[in-house]
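Asker:
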DNA sequence: CCTATCTAGTTTAACCTTCAAGAAGTGGGC
DNA sequence: GCCCACTTCTTGAAGGTTAAACTAGATAGG
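Residue numbers (our numbering), protein chains in the order written: chain P, 350 to 512; chain D, 350 to 512.
Below is the structure:
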């Protein structure tokens, strides 16, 4: 048995459309800016950022994938490309012979330093310069709620009779 | 001469991270849901939605691209695929022989009707069921501001000395 | 130990997106 | 009418993403 679908209200529809347009336009805008100025798409840039903030500028592949919210497969491809660029290096993990560490190279760090100001400026111009501090707070809270609800759950969470 | 970059404040950083995570997770979630239930990615589904709401269920290619915030090139490829699926048909535009109309077929409309309820449920569960009506309003306003600032501008807007 | 099962990461092929280039048609100025 | 610049849309190639299959190593249970 299926229940009648609860369609979106007028307000919800307007919000949904605005959300889709804004997120599409922004991701596109960032991809273009970074492709032009750093020679890589936004997701790849984000990987370098994560590595730069990790202890010893290195992370296990799976951990990096988890933080960046991408699949391990996608990460494998991405790191392969970044490695060809000389911006990331792979290292065997000493404690687990299956494991790999992705390590940000000095060259990769240099690219990040050079391109970060331009990227921040782009983000500012697209988002923070247009919103009041209050709106920034609201947006943060809303996005945290959404992200929390979308985290890949423990499989058992879908199987309450097992708990 | 370059000015010192204005880095993001603590609050801005937290908001930005949350934004990136939420939007990445949601787009991924929608792509997976629609790929599974409708056999197409989210962007393609959005094209069918736009066509279904247009007069006579048809739109000029450029207009559809503009509404959906994608490039004409991407749209060409997308429509080619949807045409192979039998969900969209191309028609010559009577008034401009360069033009093409993308037309939603009955079959495409049927796919939409069958899959819309599941899609709305997914959107609800990810966003609207988790936010207060007040937050929905705030999000809408914020996204409208951002989208507005990201619209591809008239070229002249970048050349004030020409105005 | 030994085996079954799980986890880490990669690979392949199919599909999607982007960029640059190009074919075809429009329209204003002379 | 003719040219030239512009618009519409498509194409092809290069690169990015996905899903599923696969390798290799870890781990728990007997």
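Virtual Cβ for every residue (Gly too), placed ideally from N, Cα, C.
Between the Cα of residue 377 of chain D and the Cα atoms of P:456, P:394, P:398 and P:417, which residue gives the shortest distance?
Answerer: Comparing Cα-Cα distances from residue 377 of chain D to each of P:456, P:394, P:398 and P:417, the minimum goes to P:417.
Asker: Quick check on residue 427 of chain P: buried or exposed, where buried means 16 or more other Cβ atoms within 10 Å of its Cβ?
Answerer: That one is buried.
Asker: For residue 372 of chain P and residue 409 of chain D, what's the separation of their Cα atoms in angstroms?
Answerer: Whole-angstrom Cα-Cα distance: 24 Å.
Asker: Among P:353, P:356 and P:365, which residue has its Cα nearest to the Cα of residue 484 of chain D?
Answerer: Nearest option by C-alpha distance: P:365.
Asker: Excluding sequence positions up to five away, which residues of its chain have a Cβ less than 6 Å from the Cβ of residue 438 of chain P?
Answerer: 452 and 454, listed in sequence order.
Asker: When we look at the beta-carbon of residue 388 of chain P and count the other beta-carbons within 10 Å, is it buried (16 or more) or exposed?
Answerer: Exposed, since its Cβ has fewer than 16 Cβ neighbours within 10 Å.
Asker: With the cut-off set at 8 Å, would you say residue 461 of chain P and residue 398 of chain P are in Cβ contact?
Answerer: Taking 8 Å as the Cβ cut-off, residue 461 of chain P and residue 398 of chain P qualify as a contacting pair.
Asker: Consult DSSP for residue 478 of chain D and reduce its assignment to one of helix, strand or coil.
Answerer: Coil.
Asker: Specify the secondary structure class of residue 357 of chain D as computed by DSSP and reduced to three states.
Answerer: Three-state DSSP puts residue 357 of chain D in coil, outside helix and strand.
Asker: Give the DSSP-derived three-state secondary structure of residue 450 of chain D in the structure shown.
Answerer: Of the three classes helix, strand and coil, the one that applies to residue 450 of chain D here is strand, per DSSP.
Asker: Note down, in chain order, each residue of its chain lying with its Cβ closer than 8 Å to the Cβ of residue 395 of chain D, except the 5 sequence neighbours on either side.
Answerer: These residues qualify, in order along the chain: 417.
Asker: In whole angstroms, what separates the C-alpha of residue 501 of chain P from that of residue 478 of chain D?
Answerer: Rounded to whole angstroms, residue 501 of chain P to residue 478 of chain D spans 18 Å at the Cα level.
Asker: Nearest-angstrom Cα distance between residue 401 of chain P and residue 469 of chain D?
Answerer: Each residue's alpha carbon lies about 39 Å from the other.
Asker: Given that residue 378 of chain P touches chain D, what residues does it touch there, using C-beta distances under 9 Å?
Answerer: Neighbours of residue 378 of chain P on chain D, chain order: 499.
Asker: Where does the unbroken alpha helix (DSSP H) through residue 440 of chain P begin, and where does it stop?
Answerer: Where residue 440 of chain P is concerned, there is no enclosing alpha helix (DSSP H), although the beta strand (DSSP E) it sits in stretches over 437-441.
Asker: Report the residue from D:449, D:435, D:488 and D:447 whose alpha carbon sits nearest the alpha carbon of residue 459 of chain D.
Answerer: With distances taken between Cα atoms, residue 459 of chain D lies closest to D:435.
Asker: For the beta strand (DSSP E) containing residue 406 of chain P, name the first residue and the last one.
Answerer: No beta strand (DSSP E) contains residue 406 of chain P, which DSSP labels as neither H nor E.
Asker: When DSSP labels each residue in this structure, what does residue 491 of chain P get in the three-state scheme?
Answerer: DSSP places residue 491 of chain P in helix when its eight states are reduced to three.
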